[in-house]
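If you're matching positions, the sequence shown starts at 0 in numbering that gives the first Met the number 0 and goes up one per residue.
In this text, a Cβ means the ideal position worked out from N, Cα and C, and glycines have one as well.
Notes to accompany the following structure.
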Amino acid sequence: MPAPSLTFAALLLLVSAACTPAAPGGSVAPSDAASATTSEPPTEPAESGFTTMTEGVLTVGTDLPNPPFFLGEDIDTPDPEGFEVELVNEIASRLGIAEVDWVLFPFTSVVAAAPCPCDFFVGGVSIFPDRAEVVDFSAPYFTANQGVLVQAGTEVADREAARELQFGVQRDSSGQFFLEFDLEPTTDPLIYDTTTAAILALNAGQIDALMTDIPILLEIASENEDLVVAGQFITTEEYGAVLPKDSPNTEPLSAVIEEMEEDGFLDQLFAEWFPDNVEIRILE
Numbered sequence: 000m001p002a003p004s005l006t007f008a009a010l011l012l013l014v015s016a017a018c019t020p021a022a023p024g025g026s027v028a029p030s031d032a033a034s035a036t037t038s039e040p041p042t043e044p045a046e047s048g049f050t051t052m053t054e055g056v057l058t059v060g061t062d063l064p065n066p067p068f069f070l071g072e073d074i075d076t077p078d079p080e081g082f083e084v085e086l087v088n089e090i091a092s093r094l095g096i097a098e099v100d101w102v103l104f105p106f107t108s109v110v111a112a113a114p115c116p117c118d119f120f121v122g123g124v125s126i127f128p129d130r131a132e133v134v135d136f137s138a139p140y141f142t143a144n145q146g147v148l149v150q151a152g153t154e155v156a157d158r159e160a161a162r163e164l165q166f167g168v169q170r171d172s173s174g175q176f177f178l179e180f181d182l183e184p185t186t187d188p189l190i191y192d193t194t195t196a197a198i199l200a201l202n203a204g205q206i207d208a209l210m211t212d213i214p215i216l217l218e219i220a221s222e223n224e225d226l227v228v229a230g231q232f233i234t235t236e237e238y239g240a241v242l243p244k245d246s247p248n249t250e251p252l253s254a255v256i257e258e259m260e261e262d263g264f265l266d267q268l269f270a271e272w273f274p275d276n277v278e279i280r281i282l283e
């Protein structure tokens, strides 16, 4: 089943305006409700067929910052909040797993198939065929476009105007792929190891614009009055959880996510985290 989609007629143009070596993370119990390479054998699978690295604990990797999917920059936050936090809590609940443990792991490493010390990784990872050759993806749970973040007062009239900008972008991100293989700006984009580094460069005037997913840009802009989202490109990228290639956990995890789509949970979660909508101009 498809993930809740931000389409032109529905939500793709209407997104909330208010809205990297591994380290141990904080453990939380699920609210209501793919084992990576490890030296320890996985626990016995529950009825769902999903096995965990640690008995009774769902260990999930992510990279920060990643608002509004995981709020804040402290992986050890006792009670984390965010779209993907609630998503994972619900997954754990439906799998019958009592506890969730978050670990910090670089986005650039997970898309390069480096072993994550986690059962799966979430962090706004777009499902691309090239990536799917080296890792597994779950069923999609979210869809987004690429957007352009600029300093207030910077005008970006259309696609051709965007091509003249000096972009900054996170390494190996979908934004980098879009710039290099689709938009093809007149100046090569500057590549940063993290989105945070690119934001600092934008604030310092070292780049004209940051390219990344619209939900993330809107959250950044809501916290910085000097930055605005100038527009978006229709890319309709689907996010999925990342697991090791050919993981036996991929199928049971996907089954849970598809169930959440079918029973309306994903729509409810979207409405919770993106309640106020604003039209984002399409750059054509």
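- Distances from the alpha-carbon of Thr76 to those of Leu86, Val87, Trp101 and Val56 put Trp101 closest.
- Boundaries of the beta strand (DSSP E) harbouring Asn144: Phe141 to Gln150, taken from the DSSP string.
- The C-beta separation of Ala138 from Glu257 comes to about 5 Å, placing the pair in contact by the 8 Å criterion.
- Between the C-alpha atoms of Pro214 and Pro67 there is a straight-line separation of about 7 Å.
- For the 7 Å CB-CB criterion, Gly60 and Phe120 form a contact.
- For Leu103, the enclosing beta strand (DSSP E) stretches over residues Glu98 to Leu103.
- Phe136 sits close to Gly239, with the two beta carbons spaced by under 7 Å.
- Residue state for Gly263 is assigned as coil, using DSSP reduced to three classes.
- Counted as a single uninterrupted DSSP element, the alpha helix (DSSP H) harbouring Pro214 occupies residues Ile213 to Ser221.
- Judged by DSSP secondary structure, Glu237 falls within the beta strand (DSSP E) whose first and last residues are Leu226 to Tyr238.
- Linking Met259 to Thr186 through their CA atoms gives a straight-line distance of about 43 Å.
- Per DSSP, the continuous alpha helix (DSSP H) segment holding Pro128 begins and ends at Pro128 to Ala131.
- Distance check between Met210 and each of Pro114, Ser172, Phe273 and Pro105 places Ser172 closest, using alpha-carbon atoms only.
- Counting the other CB atoms within 10 Å of its CB gives Ala197 a total of 16 or more, which places it among the buried residues.
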